[in-house]
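What follows is a set of notes on a single structure, which appears directly below.
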């Protein structure tokens with residue numbers, strides 16, 4: 024069982040081996056591979072409470088506090104401070120909307136520029152430094168949010184959308200195989216669709232029934 028966030032677990036899951044990914048991803052990955060090779064009896068119960076995050080999350084939260092402060096000067100836009108002022112909290116919750124936050128960070132310099140040019144000249148001169156500082160801090164924050172570590176940390180809405188990358192096999196002489204699809208009764212509709220597509224391309228279904236009422240997707244060579 025992989026732990027990315029401490030939550031209450033049903034009793035039947037508490038007995039299984041677990042790996043904590045809330046801290047170092049590299050350390051968690053090494054422990055996972057180690058347990059796959061040789062499972063161990065857990066000495067401690069699975070964590071269901073507590074707060075633990077990778078260091079990159081703390082760094083992202085630090086820079087988001089600065090950006091969130093600058094966003095308050097663009098209050099007239101409404102959506103920029105709404106998205107950025109509470110971003111540190113949402114980073115820890117892993118539920119911020121990445122595309123909306125990215126747009127707000129990119130638009131913040133323009134909003135600040137419009138705010139500054141409406142001020143008296145003496146105040147404009149005093150805000151030149153913070154204005155250019157926002158460029159640097161905002162760029163750093165955007166870079167961190169797009170980093171692989173933060174993309175692993177965030178929930179689905181907190182990650183960049185990915186486009187499909189169709190698999191292109193390097194097989195000049197493909198041959199049909201016999202297969203069966205192993206599935207639970209609840210997945211019958213999906214299994215039927217997989218079977219239909221495989222048969223469409225010349226593969227043969229081997230109807231091996233199991234206790235779950237399904238067939239198994241395990242290719243068998245001719």
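Residue numbers (our numbering): 24 to 245. Just so it is clear, CB atoms sit at the ideal spot from N, CA and C, and this is done for glycine as well.
What are the residues that DSSP puts in a beta bridge with residue 5? Residue 5 falls outside the range modelled here, since the chain spans only 24 to 245, and no answer is possible.
Distance, residue 56 Cα to residue 126 Cα: Answer to the nearest angstrom: the Cα atoms are 38 angstroms apart.
Would residue 177 be called buried (16 or more neighbouring beta carbons within 10 Å of its own) or exposed? buried
Does the distance from the C-beta atom of residue 198 to that of residue 226 stay below 7 angstroms? no
Within a Cβ cutoff of 7 angstroms, which residues of the same chain sit near residue 86, ignoring the five residues on either side of it in sequence? 160, 163, 164 and 167
Cβ shell of residue 90 (< 8 angstroms), same chain only, five flanking positions each side left out: So the qualifying residues of the chain are 107, 110, 128, 131, 157, 160, 161 and 164.
Output the distance between the C-alpha atoms of residue 155 and residue 147, rounded to the nearest integer angstrom. Taking the straight line from one Cα to the other gives about 12 angstroms.
Bridge partners - residue 227, DSSP secondary structure assignment: 201
Local conformation of residue 177 per DSSP, three classes: coil
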